[in-house]
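Chemist: Please find one structure pasted underneath; my questions will follow.
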Amino acid sequence: MSPTREIPRRDHPLLPVARAYTNYFTPSVEGLENLPATGPALVVGNHSSIYWCPEVWVTFLAMLERRAADQPCFGLAHEVLLKAPVLGEALRQFGVLPAAPEAAEGGLKDGGAVMVYPGGDWEACRPWTERAKVDFAGRKGFIRLALKAGVPVVPAVASGGHDSIFILDRGAKIAEVLRLNSLVRAKVFPITVGLPFGVAPIVPQIPLPTTVAVSFLPPLTWSTEPGDPDDDAFVDACFDTTLDAMQTEMDRLRAEIPDPLRTGVRNHLAGLPGPLAGLANLLS
Numbered sequence: 062m063s064p065t066r067e068i069p070r071r072d073h074p075l076l077p078v079a080r081a082y083t084n085y086f087t088p089s090v091e092g093l094e095n096l097p098a099t100g101p102a103l104v105v106g107n108h109s110s111i112y113w114c115p116e117v118w119v120t121f122l123a124m125l126e127r128r129a130a131d132q133p134c135f136g137l138a139h140e141v142l143l144k145a146p147v148l149g150e151a152l153r154q155f156g157v158l159p160a161a162p163e164a165a166e167g168g169l170k171d172g173g174a175v176m177v178y179p180g181g182d183w184e185a186c187r188p189w190t191e192r193a194k195v196d197f198a199g200r201k202g203f204i205r206l207a208l209k210a211g212v213p214v215v216p217a218v219a220s221g222g223h224d225s226i227f228i229l230d231r232g233a234k235i236a237e238v239l240r241l242n243s244l245v246r247a248k249v250f251p252i253t254v255g256l257p258f259g260v261a262p263i264v265p266q267i268p269l270p271t272t273v274a275v276s277f278l279p280p281l282t283w284s285t286e287p288g289d290p291d292d293d294a295f296v297d298a299c300f301d302t303t304l305d306a307m308q309t310e311m312d313r314l315r316a317e318i319p320d321p322l323r324t325g326v327r328n329h330l331a332g333l334p335g336p337l338a339g340l341a342n343l344l345s
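Counting in the numbering used here, the sequence shown runs from 62 upward without gaps.
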């Protein structure tokens, strides 16, 4: 293990907090058997709900469940989070790496399953009206990374998280005026509506208890066969194939749970004791 990458801890005291947090979103996970239990793999997900991003924790905890302690799991995060007091150190101990190609490549070389979200803040801050859309903003670095490393790419498609926050606009123009890209590598300044702040920019509104569904797909064929990371046409084709597969799965998840908020509230009610659980039938 490289000295620049800590061995992820499976006994970190904040892991129960992460599990309690994801339980708020009454998550469901399917297809976990598609994630290799050993060896390197690139797990590619779609991002949601700005800073709350429950799909990240649902996916990462599922990865920890699938793989033994000697088979490391890593995730990539914005450097702002990793520099935060207390939180940054805890994230590094979980196995979180800086969102940079070199860090991801290093995690794969260590035999890890590395979780990436190519859409980044652009996708996580898409308008609520686009909540059922997978949007990587044309970013193809993960394709070249997988081809260079020769590792399988496992999509982890998530639905429901973006229903928990009402984002009116990415605020891309505001971010441009504020020069956020050069300051903190951010191209968005999202405008949200919710409690307790009403209509407001970027502040953390209380997320709604939507159900988050995550589906791990089988490794994409292009990632299990030899390919040239310097062949732009091939990379473009791999990107299109990946996006099509993930959007198709997103559409299936949305058809299965068309109203994640209604489902989430019903799930919480069903967990209440005695007669209170009967309230869930009202939302069936």
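Cβ coordinates follow ideal geometry from the N, Cα and C atoms, glycine included.
Note down the Cα distance separating Val104 from Val214, rounded to an integer number of angstroms.
Modeler: Answer to the nearest angstrom: the Cα atoms are 6 Å apart.
Chemist: Considering only C-alpha positions, which residue in the set Glu286, Thr302, Asp293 and Val273 is nearest to Pro319?
Modeler: When only C-alpha atoms are compared, the closest one is Val273.
Chemist: Cα-Cα, which of Gly172, Ala306, Asp297 and Gln154 is closest to Leu199?
Modeler: Correcting the residue type first, residue 199 is Gly in the shown sequence and not Leu. Checked all of Gly172, Ala306, Asp297 and Gln154; the closest Cα to Gly199 is Asp297.
Chemist: Measure the Cβ-Cβ separation of Phe155 and Pro69 and say whether it is below 7 Å.
Modeler: For Phe155 and Pro69, yes; Cβs fall inside 7 Å.
Chemist: With three or more beta-carbon pairs closer than 8 Å as the criterion, would you say the segment 299-317 touches the segment 142-161?
Modeler: Judged by Cβ distances under 8 Å, the segment 299-317 makes no contact with the segment 142-161, as fewer than three pairs qualify.
Chemist: May I ask which residues mark the beginning and end of the alpha helix (DSSP H) holding Leu352?
Modeler: Nothing about residue 352 can be reported from this structure: the residues present for the chain run from 62 to 345 only.
Chemist: Please classify Ile267 as buried or exposed, where buried requires at least 16 neighbouring CB atoms within 10 angstroms.
Modeler: Exposed, since its Cβ has fewer than 16 Cβ neighbours within 10 Å.
Chemist: Would you mind giving the Cβ-Cβ distance between Pro290 and Leu208, rounded to the nearest angstrom? I have them listed as a contact below 8 Å.
Modeler: Yes, Pro290 and Leu208 are in contact; Cβ-Cβ is about 4 Å, under 8 Å.
Chemist: For Ser389, tell me which candidate among Thr253, Val157 and Pro321 has the shortest Cα-Cα distance.
Modeler: Outside the shown range of the chain, which is 62 to 345, sits residue 389, and nothing can be said about it.
Chemist: Could you please give the first and the last residue of the uninterrupted beta strand (DSSP E) stretch that includes Gly255?
Modeler: Residues Ile252 to Gly255.
Chemist: From Pro159 to His139, what does the alpha carbon distance come to, in whole angstroms?
Modeler: Going from the Cα of Pro159 to the Cα of His139 covers about 6 Å.
Chemist: Put Gly259 into one of helix, strand or coil per three-state DSSP.
Modeler: Three-state result, Gly259: strand.
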